[in-house]
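Trainee:
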Amino acid sequence: MVAVWVGAATALAFAVAGREKGPIPEETVLAAEKLREQAQRGGRADEWVRRLTDEVGPRLTGSAGDQLAGPWSASLMKSLGFTNVRLEPVRARSWMRLKESAEVIAPSRQPLVLTALGGSVSTPEGGIEAPVVAVPSLAALGELVANDPEYCRGKIVFFNQRMTRGREEMSGYGTSVPVRLHGAARAARAGAAAVLIRSIGTSNNRYAHTGQLRYENEASKIPAAALSNPDADLLERLVAGSHPVRVRLEIQTRSLEEVETANVVGEIPGRGAPEEIVVLSGHIDSWDLGTGAIDDGAGCALAIESARLIGEMPRKPLRTLRVVLFANEENGLAGGTEYAKRHASEIARHVAAIEADSGTGRPVGIGWNGGASGRPIMRALSELLVPLSAQKTFEGGYGGADLSPLGPTDLPLFGLRQDVSTYFDFHHTANDTFDKIEPVALRKATAALAVWAYVMADLPAPFPRGRLEKKQGEK
Ligand SMILES: [Zn+2]
0 MVAVWVGAAT ALAFAVAGRE KGPIPEETVL AAEKLREQAQ RGGRADEWVR
50 RLTDEVGPRL TGSAGDQLAG PWSASLMKSL GFTNVRLEPV RARSWMRLKE
100 SAEVIAPSRQ PLVLTALGGS VSTPEGGIEA PVVAVPSLAA LGELVANDPE
150 YCRGKIVFFN QRMTRGREEM SGYGTSVPVR LHGAARAARA GAAAVLIRSI
200 GTSNNRYAHT GQLRYENEAS KIPAAALSNP DADLLERLVA GSHPVRVRLE
250 IQTRSLEEVE TANVVGEIPG RGAPEEIVVL SGHIDSWDLG TGAIDDGAGC
300 ALAIESARLI GEMPRKPLRT LRVVLFANEE NGLAGGTEYA KRHASEIARH
350 VAAIEADSGT GRPVGIGWNG GASGRPIMRA LSELLVPLSA QKTFEGGYGG
400 ADLSPLGPTD LPLFGLRQDV STYFDFHHTA NDTFDKIEPV ALRKATAALA
450 VWAYVMADLP APFPRGRLEK KQGEK
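Using numbering that gives the first Met the number 0, the letters of the sequence shown correspond one by one to residues 0 to 474.
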């Protein structure tokens with residue numbers, strides 16, 4: 000053990016000597032390295048997710064869990080020594096699923112596993128029964144309807160687009176999610192009675208993935224639901240056969256005009272420039288089906304735990320760390336929008352913001368968007384993340400959905416990037432539960448987030464502001 004320690008210390012000394020002239024001061028590097036080890040040894044993010052999912056449960060905007068989540072998170076942050084802990088009220092629309100079922104009526108008769116998409120309207124009482132037409136994509140819908148304006152009329156349109164699995168890339172999600180967002184509105188314009196989509200998810204288990212849809216004012220609102228992948232496979236085979244396929248679908252939902260929820264805020268004050276703020280964030284709301292362990296209990300826990308670890312350091316960073324747990328990310332983004340509005344006058348005193356909203360996987364790097372002259376800092380930061388194998392940097396984007404309302408400002412925005420190999424097996428399903436949390440990977444992710452936060456809050460001058468041009472061909 001002693002030999003190992005001496006080896007590590009020697010390697011550390013060389014590493015520090017090599018970085019002395021870099022953009023991150025030596026004392027900051029040493030503190031960040033210590034933090035990195037402590038997070039991996041004693042990180043407690045998994046404990047915060049366990050408690051959130053067990054003691055609060057699902058947290059869809061307006062639900063009992065959502066109402067409890069604010070005070071619960073505030074009291075956790077207070078107990079961990081955060082200051083200025085508060086709830087900032089957010090008005091948001093809420094929606095609730097009451098009943099959902101479907102079955103194939105012809106050519107065989109069997110139940111389908113599905114779940115209503117967030118925001119879906121109800122079917123008439125007793126449901127609807129209609130013939131099914133399969134459409135491979137949104138683009139294909141346009142062509143089919145151009146050839147035959149009656150193609151969808153009175154039918155259940157089945158969007159059968161398959162999501163591809165990624166490891167360090169979210170692009171599979173990015174390319175398939177427009178079907179969930181816009182499928183119902185597009186099919187409604189073509190006269191469809193209802194929409195079924197293949198789940199935007201990679202699991203071959205029989206779980207359906209929910210998620211928000213977007214109706215359009217000029218199109219009528221038709222009910223929409225996602226089939227589990229095995230049920231979408233069944234429907235795909237049936238539709239490919241020679242017999243007409245009919246499905247009965249019943250969905251009952253309720254939309255409430257507006258409810259009050261809250262962003263939860265807590266701080267670790269800086270030692271030298273406490274008025275300057277580094278935001279660490281996740282979103283506290285979740286879908287209703289599971290308990291929101293990976294989406295985004297994990298991200299909230301990462302933000303809280305990395306700030307807590309920094310708060311325990313003998314040498315606090317110069318600036319204040321502000322943990323923000325956003326409300327209503329899943330079905331409205333009212334929390335992120337409200338934060339940008341309420342804090343507009345102090346964005347000049349914000350120096351950086353990051354969001355963790357990619358689950359429980361090991362960290363792979365940091366996405367960022369700021370001034371191009373920040374590249375040398377990102378390179379030096381990336382070196383500090385090498386021992387975590389999290390040294391990749393991804394240029395462009397807006398850090399995370401909740402930070403996107405800050406996109407029009409020049410505030411540098413960051414996103415913690417994690418391995419998402421299995422994330423979309425559980426995302427937005429009843430299977431997003433605490434057992435999916437990977438404690439070792441989560442501790443590594445805590446370490447990466449803590450190193451990022453310490454460096455951003457302790458740089459002699461704030462990270463350069465501005466926006467990078469997106470690289471060509473990048474999503
Ligand atoms: Zn999320």
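Heads up, the beta-carbon is just placed ideally off N, CA and C, and yes, glycines get one too. Given the structure is predicted, the values throughout are model-derived calculations rather than measurements.
Quick one: Cα of G271 to Cα of P316, how far?
Mentor: If I take the Cα positions, the gap works out to 8 Å.
Trainee: With a threshold of 6 Å on Cβ separation, who are the neighbours of G126 within its own chain once the five nearest residues in sequence on each side are excluded?
Mentor: These residues qualify, in order along the chain: R247, L248 and E249.
Trainee: With a Cβ-Cβ cutoff of 9 Å, do K560 and P362 count as a contact?
Mentor: With the chain represented from 0 up to 474, any question about residue 560 goes unanswered, as that position is not in the structure.
Trainee: Quick one: is the Cβ of D418 within less than 8 Å of any heavy atom of ligand 1?
Mentor: No, since every heavy atom of ligand 1 falls outside the 8 Å radius drawn around the Cβ of D418.
Trainee: For Q160, collect the residues of the same chain with a Cβ closer than 7 Å to its Cβ; drop the 5 residues on either side in sequence, then sort them by chain order.
Mentor: Excluding positions up to five away in sequence, the list reads P135, S136, S175, V178 and R197.
Trainee: DSSP state of L29, grouped into three classes?
Mentor: DSSP places L29 in helix when its eight states are reduced to three.
Trainee: In three-state DSSP terms, what is M455?
Mentor: Looking at M455 - three-state DSSP - the assignment turns out to be helix.
Trainee: Using a Cβ-based criterion (distance less than 8 Å to any ligand heavy atom), does H208 qualify as near ligand 1?
Mentor: H208 Cβ: outside cutoff for every heavy atom of ligand 1.
Trainee: With respect to the beta strand (DSSP E) encompassing L79, which residues constitute its N-terminal and C-terminal limits?
Mentor: Looking at the DSSP string, L79 is not in any beta strand (DSSP E), and its letter there is neither H nor E.
Trainee: Under 9 Å between the Cβ atoms of T60 and V263?
Mentor: Contact flag unset, no.
Trainee: Which runs of the alpha helix (DSSP H) fall wholly inside the region 244–317 and span at least 4 residues, in chain order?
Mentor: Whole alpha helix (DSSP H) segments, 4+ residues: 297–310.
Trainee: Of all the beta strand (DSSP E) runs that stay within the bounds of the region 53–138, which reach a length of 3 or more residues?
Mentor: Entirely contained in the region 53–138, the beta strand (DSSP E) runs reaching 3 residues are, in chain order, 82–105, 109–111, 113–115 and 127–134.
Trainee: Rounded to whole angstroms, what's the CA-CA distance from I365 to Q390? Just pull it up for me.
Mentor: Cα to Cα, I365 sits roughly 8 Å from Q390.
Trainee: What whole-angstrom Cβ distance do G281 and E354 have, given they're in contact under 8 Å?
Mentor: So it is a contact: roughly 7 Å between Cβ atoms.
Trainee: Considering only residues of the same chain and omitting the five flanking positions on each side of P243, which have a CB-CB separation below 7 Å?
Mentor: Same-chain partners within the cutoff: A105 and P130.
Trainee: Under 8 Å by Cβ, that's how I've got S403 and G335 pegged, so tell me the actual separation to the nearest angstrom.
Mentor: Right, the Cβ-Cβ distance comes to about 7 Å (below 8 Å), so this counts as a contact.
Trainee: Can G360 and D418 be called in contact, C-beta distance under 9 Å?
Mentor: Contact flag set, yes.
Trainee: Going along the chain, which residues put their C-beta within less than 5 Å of some heavy atom in ligand 1?
Mentor: Going by the Cβ distance cut-off, the answer is D294, D295 and D356.
Trainee: Are L380 and V277 closer than 9 Å when you measure CB to CB?
Mentor: Against a cut-off of 9 Å, the Cβ pair of V277 and L380 comes out as no contact.
Trainee: Could you spell out the range, first to last residue, of the beta strand (DSSP E) harbouring V350?
Mentor: It spans H349 to E354 - the beta strand (DSSP E) in which V350 sits, taken as one unbroken run.
Trainee: Mind reading off the beta-carbon distance from R96 to A115? Whole number of angstroms is fine, and I expect it under 8 Å.
Mentor: Right, the Cβ-Cβ distance comes to about 5 Å (below 8 Å), so this counts as a contact.
Trainee: Which first and last residues belong to the beta strand (DSSP E) in which E394 is found?
Mentor: Residues K391 to E394.
Trainee: Alpha carbon to alpha carbon, what distance is there between D65 and A186?
Mentor: Those two C-alpha atoms are separated by around 32 Å.
Trainee: On the premise that R58 lies in contact with G291, defined as a C-beta separation below 8 Å, what is that separation, rounded to the nearest angstrom?
Mentor: 6 Å between Cβ atoms; contact.
Trainee: Looking at the unbroken beta strand (DSSP E) that takes in I155, where does it start and where does it end?
Mentor: Looking at the DSSP string, the run of the beta strand (DSSP E) that includes I155 is I155 to F158.
Trainee: Return the bridge partner residues of G331 from the DSSP annotation.
Mentor: Note: G331 sits in no beta bridge, so no partner.
Trainee: Answer yes or no: do R92 and A333 have a C-beta to C-beta separation smaller than 9 Å?
Mentor: Result yes, Cβ atoms of R92 and A333 sit closer than 9 Å.
Trainee: So, is V385 buried or exposed, given that buried needs 16 or more other C-beta atoms within 10 angstroms?
Mentor: Flag for V385 reads exposed.
Trainee: Would you kindly work out how many angstroms separate the C-alpha atoms of L410 and G370, rounded to a whole number?
Mentor: Distance between the alpha carbons of L410 and G370 is about 9 Å.
Trainee: Quick one, are the C-beta atoms of R341 and G80 less than 9 Å apart?
Mentor: Cβ atoms of R341 and G80: not closer than 9 Å.
Trainee: Which one of G117, G42, L412 and A352 has the shortest CA to CA distance from A207?
Mentor: The option with the nearest alpha carbon to A207 is G117.
Trainee: Using DSSP with H/G/I as helix, E/B as strand and the rest coil, what is N146?
Mentor: In this structure, N146 counts as helix in the three-state DSSP scheme.
Trainee: Nearest by alpha-carbon distance to E36: which of E235, A449, R318 and S420 is it?
Mentor: Out of E235, A449, R318 and S420, A449 has the C-alpha closest to the C-alpha of E36.
Trainee: List the residues that DSSP assigns as beta-bridge partners of R416.
Mentor: R416 pairs with G364.
Trainee: Starting from I196 and walking both ways along the beta strand (DSSP E), at which residues does that stretch end?
Mentor: Note, I196: beta strand (DSSP E), A193 to R197.
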